[in-house]
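Here the sequence shown is numbered in this note's numbering, starting from 2 and rising by one per residue.
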Amino acid sequence: MDPKHIRNFSIIAHIDHGKSTLADRMLEITGTVQKRDMHAQLLDDMELERERGITIKARAVSVIHERDGEKYLFNLIDTPGHVDFNYEVEKSMQACEGAILLVDASQGVEAQTVANAYLALEADLEILTVLNKVDLGHARPDEIAEEIENSLAIEATDAARISAKTGEGVSEVLDRIIDTFPAPTGDPDARLRALIFDAVYDEYRGVIVYVRVMEGTLHKKDKVLMIGTGKKFEAVDIGIFSPKMVSKDTLSVGEVGYFVSNIKTLGDVRIGDTLTIDRPNPPEMLPGYREPRHMVYADFYPTNPGDYETMRDALDTLALSDSSFSYEAVTSEALGFGYRCGFLGLLHMEIIQQRLEREHDMDMIQTAPSVTYKITQSDGSEEMISSPGALPTPDKFDEVLEPIVRVAMIVPSEFIGVTMTISNDHRGIFVRQEHLSPTRVQLVYDIPLAEIMYDFYDKLKSATRGFGTLNYDLTGFEAGDLVKLSILVNGDEVDALCAIVHRSFADQRGRAILKKLRKEIPRHMFEVRLQAAIGSRIIARESIAALRKDVTAKCYGGDISRKRKLLEKQKAGKRRMRQVGNVEIPQKAFLSVLSSE
2 MDPKHIRNFS IIAHIDHGKS TLADRMLEIT GTVQKRDMHA QLLDDMELER ERGITIKARA
62 VSVIHERDGE KYLFNLIDTP GHVDFNYEVE KSMQACEGAI LLVDASQGVE AQTVANAYLA
122 LEADLEILTV LNKVDLGHAR PDEIAEEIEN SLAIEATDAA RISAKTGEGV SEVLDRIIDT
182 FPAPTGDPDA RLRALIFDAV YDEYRGVIVY VRVMEGTLHK KDKVLMIGTG KKFEAVDIGI
242 FSPKMVSKDT LSVGEVGYFV SNIKTLGDVR IGDTLTIDRP NPPEMLPGYR EPRHMVYADF
302 YPTNPGDYET MRDALDTLAL SDSSFSYEAV TSEALGFGYR CGFLGLLHME IIQQRLEREH
362 DMDMIQTAPS VTYKITQSDG SEEMISSPGA LPTPDKFDEV LEPIVRVAMI VPSEFIGVTM
422 TISNDHRGIF VRQEHLSPTR VQLVYDIPLA EIMYDFYDKL KSATRGFGTL NYDLTGFEAG
482 DLVKLSILVN GDEVDALCAI VHRSFADQRG RAILKKLRKE IPRHMFEVRL QAAIGSRIIA
542 RESIAALRKD VTAKCYGGDI SRKRKLLEKQ KAGKRRMRQV GNVEIPQKAF LSVLSSE
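1) When burial is assigned at 16 or more other CB atoms within 10 Å of the CB, is Lys-5 buried or exposed?
2) Pair every Cβ in the segment 105 to 124 with every Cβ in the segment 375 to 389, then say whether three or more of these pairs are closer than 8 Å.
3) Would Asp-85 pass as a contact of His-349 if the rule is Cβ separation under 8 Å?
4) Out of Ile-501, Val-412, Ala-497, Asp-323, point me to the one whose CA is closest to Tyr-458's CA.
5) For Phe-431, count neighbouring C-beta atoms within 10 Å of its own C-beta (all shown protein chains included) and say buried if the count is 16 or more, exposed if not.
6) Taking DSSP as the reference, what is the three-state secondary structure of Thr-318?
7) By Cβ distance, which residues of its chain are closer than 8 Å to Val-442, with the 5 residues on each side in sequence left out?
8) Spatial neighbours of Ile-178 within its chain, please: CB distance less than 6 Å, with the 5 preceding and 5 following residues excluded, ordered by chain position.
9) Taking 8 Å as the cut-off, does the segment 101 to 110 touch the segment 127 to 136 (at least 3 CB pairs, one atom from each stretch)?
10) Secondary structure at Tyr-599, three-state DSSP: helix, strand or coil?
11) By the DSSP assignment, the beta strand (DSSP E) with Arg-530 in it spans what residues?
12) Please identify the residue among Lys-485, Ile-405, Asp-250, Cys-342 whose C-alpha is closest to the C-alpha of Thr-368.
13) Going by beta carbon distance, what residues of the same chain come within less than 8 Å of Lys-550, once the five residues before and after it are set aside?
14) Could you have a look at Ile-179 and say whether DSSP puts it in helix, strand or coil?
15) Round the Cβ separation of Ala-315 and His-361 to the nearest angstrom and send it over; I've been treating them as touching at under 8 Å.
16) Does DSSP put Gln-509 in a helix, a strand or coil?
17) Keeping to the same chain, check which residues put their C-beta closer than 7 Å to that of Ala-140; ignore five residues upstream and five downstream.
18) At what residues does the beta strand (DSSP E) containing Gly-343 begin and finish?
19) Can you give the beta carbon distance from Glu-403 to Gly-481, rounded, assuming they're within the 8 Å contact cut?
20) Could you give the residue range of the alpha helix (DSSP H) that holds Gln-108?
21) Along the alpha helix (DSSP H) that carries Phe-301, what are the first and last residues, could you check?
22) Go through its chain and collect everything with a Cβ distance to Phe-75's Cβ below 6 Å, but skip five positions before and after it.
23) What separation, rounded to the nearest whole angstrom, lies between the Cα atoms of Ala-61 and Asn-87?
24) So Met-363 and Pro-303 are supposed to be a Cβ contact under 8 Å. How far apart are they, rounded?
25) How would you label Thr-470, buried or exposed, when you count the other beta carbons within 10 angstroms and need 16 or more for buried?
26) Identify whether Lys-245 lies in helix, strand or coil by the three-state DSSP scheme.
27) Are Gly-390 and Asp-496 touching if we call contact CB-CB under 8 Å?
28) Put Thr-440 into one of helix, strand or coil per three-state DSSP.
29) Among the candidates Met-454, Gly-217, Asp-317, whose CA atom is the shortest distance from the CA of Glu-256?
30) Secondary structure at Lys-375, three-state DSSP: helix, strand or coil?
31) Can the beta-carbon of Val-261 be found less than 8 Å from the beta-carbon of Leu-321?
32) Checking the sheet assignment: what are the DSSP bridge partners for Gly-258?
33) Rounded to whole angstroms, how far is the Cβ of Leu-267 from the Cβ of Thr-318, which I believe are closer than 8 Å?
34) Verify whether the separation of the beta carbon atoms of Cys-1 and Lys-517 is less than 8 Å.
35) Assign Leu-392 to one of three DSSP states: helix, strand, or coil.
36) Which residues bound the beta strand (DSSP E) around Tyr-328?
In structure tokens, the structure reads:
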């Protein structure tokens with residue numbers, strides 16, 4: 002198709018503002034999907050997406066829209082709304098020239114609306130503002146348009162007003178896409194350069210690579226080269242998503258589609274790489290993507306040590322379809338061989354864990370999530386620490402720096418006080434306050450990432466009756482009064498239960514962990530000491546009493562010295578047992594502590 006008749010765009014918005022529903026209506030109105038095959042959130046085909054009602058993976062689809070007798074090809078990408086999947090949004094934008102900024106006409110501008118709008122502006126995309134859910138009785142389109150202009154400085158007086166649920170106004174949006182978004186630029190006769198923006202593994206066809214053609218034309222049976230990895234393949238099958246895979250003979254400038262070449266090794270494909278025709282002197286690579294910044298780390302250990310290789314294959318497959326996730330092998334004295342995994346946030350971690358359990362049938366133990374710390378050593382050099390066990394003794398470093406995030410919270414005006422209290426309780430530093438409208442305020446705080454990981458969002462939602470939203474960006478590292486909390490069982494450190502915490506919370510955290518362990522570790526023939534320590538200083542202790550046997554039961558009458566002799570003999574035996582005996586910590590003890598984190 003002539004590039005002048007192609008439009009590439011993504012749909013961006015906050016969670017639950019109707020991105021997937023708008024994509025559904027576009028598929029329906031353009032006749033891409035028959036009404037009998039239609040169901041809600043058609044593009045969200047992952048089981049977890051349908052169960053949770055959220056988009057996890059960005060999905061591309063091609064539709065044909067006709068206006069004034071001319072046919073236009075729209076390549077639209079439905080993106081996730083949650084902050085943990087921001088990398089998916091960022092990736093999709095590099096395959097587009099425009100973005101539809103969808104705003105709920107009743108909820109208004111929310112945290113991810115602001116974040117995604119700035120991402121689109123940074124990517125130099127044309128933005129088409131659309132107000133959704135205008136059919137609701139409490140919709141406020143005029144107020145929300147004003148709010149968009151005040152908070153984002155984006156023209157919104159003539160924003161399209163639609164209902165993605167009923168289809169009202171969606172045809173007008175399709176027409177406005179043609180006029181608002183520029184056609185892709187690129188020479189169809191130049192040498193092929195296509196951006197690899199995603200990939201999935203199919204057990205029958207191997208790796209299916211998703212590409213956006215920037216220059217030149219890709220033909221079926223072409224011999225191609227992936228410039229970054231240096232791998233060479235033949236284009237066995239190419240085509241577009243409509244929304245199922247539809248085979249084609251060529252993909253030209255501006256088109257978004259797939260490429261299949263019986264690629265069996267997952268490491269042969271790299272997201273952000275450039276695809277070109279295999280000839281001498283390959284062209285310059287496309288910019289690709291910046292490396293994702295992992296916010297949270299956790300260790301996964303297979304419950305059955307024999308599943309170690311199986312888990313690696315499963316993680317390989319997930320890392321291919323989710324380039325923002327990474328892993329490396331680790332060992333633990335308590336839990337054996339496993340993998341340290343990097344995530345963009347807690348929801349991202351939860352999704353990966355559930356996909357491992359459901360799609361790959363893995364049974365595993367997951368350690369408590371921790372953030373990345375930076376230590377400054379005596380010679381001035383810096384080192385990144387992604388697990389508490391890797392933190393050296395205090396004499397080996399000068400200070401520990403923790404990651405700080407800038408948190409933007411949008412809340413109704415009446416909840417300013419309680420939001421500030423929650424932020425201060427989590428060691429937040431006030432930055433600024435902005436009034437977006439008479440009823441809504443944006444509060445900006447700098448808060449340590451470790452403080453917002455666990456319960457911060459839940460507390461914000463509860464305190465604001467569900468109306469508060471937040472977005473955060475990593476701003477850098479700052480020194481804090483941080484210590485390593487060690488958990489000792491009979492004097493031996495259990496690395497899987499150690500944590501890096503702020504000194505003021507160490508006592509409370511240590512006592513909580515020991516109380517849980519005391520309930521879960523069974524009694525032994527000797528007393529088991531549980532201790533929480535900072536360096537060599539013990540800050541909390543619990544004891545599990547020994548199993549007692551009445552060795553004097555058969556002694557009736559006679560001299561008291563007979564009983565004493567038997568008791569002393571028992572005491573000596575227990576002392577010897579304590580010296581050689583290992584404490585058995587069941588897996589449910591780890592699970593109870595780690596799940597409560």
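Idealized CB from N, CA, C, for every residue including glycine.
Let me spell this out:
1) exposed
2) The segment 105 to 124 makes no contact with the segment 375 to 389: fewer than 3 CB pairs, one atom from each, lie closer than 8 Å.
3) yes
4) Val-412
5) So Phe-431 ends up on the exposed side.
6) helix
7) Ile-411, Val-412, Pro-413, Ser-414, Ile-417, Gln-434, Glu-435, His-436
8) Arg-8
9) yes
10) Because the chain in this structure spans residues 2 to 598, residue 599 falls outside the shown range and cannot be described.
11) 529 to 535
12) Cys-342
13) Gln-571
14) helix
15) 4 Å
16) helix
17) Ala-106, Ser-107, Lys-134
18) For Gly-343, the enclosing beta strand (DSSP E) has its first and last residue at 337 to 344.
19) 5 Å
20) Run containing Gln-108: none; DSSP gives neither H nor E here.
21) For Phe-301, there is no enclosing alpha helix (DSSP H); the enclosing beta strand (DSSP E) has its first and last residue at 297 to 303.
22) Arg-8, Val-64, His-66
23) 16 Å
24) 7 Å
25) buried
26) coil
27) yes
28) In this structure, Thr-440 counts as coil in the three-state DSSP scheme.
29) Gly-217
30) Looking at Lys-375 - three-state DSSP - the assignment turns out to be strand.
31) No, the pair does not count as a contact, with Cβ atoms beyond the cut-off.
32) Beta-bridge pairing links Gly-258 to Val-212.
33) 7 Å
34) Here the chain comprises residues numbered 2 to 598, so residue 1 is not present and cannot be evaluated.
35) Correct three-state label for Leu-392: coil.
36) DSSP places Tyr-328 in the uninterrupted beta strand (DSSP E) bounded by 327 to 333.
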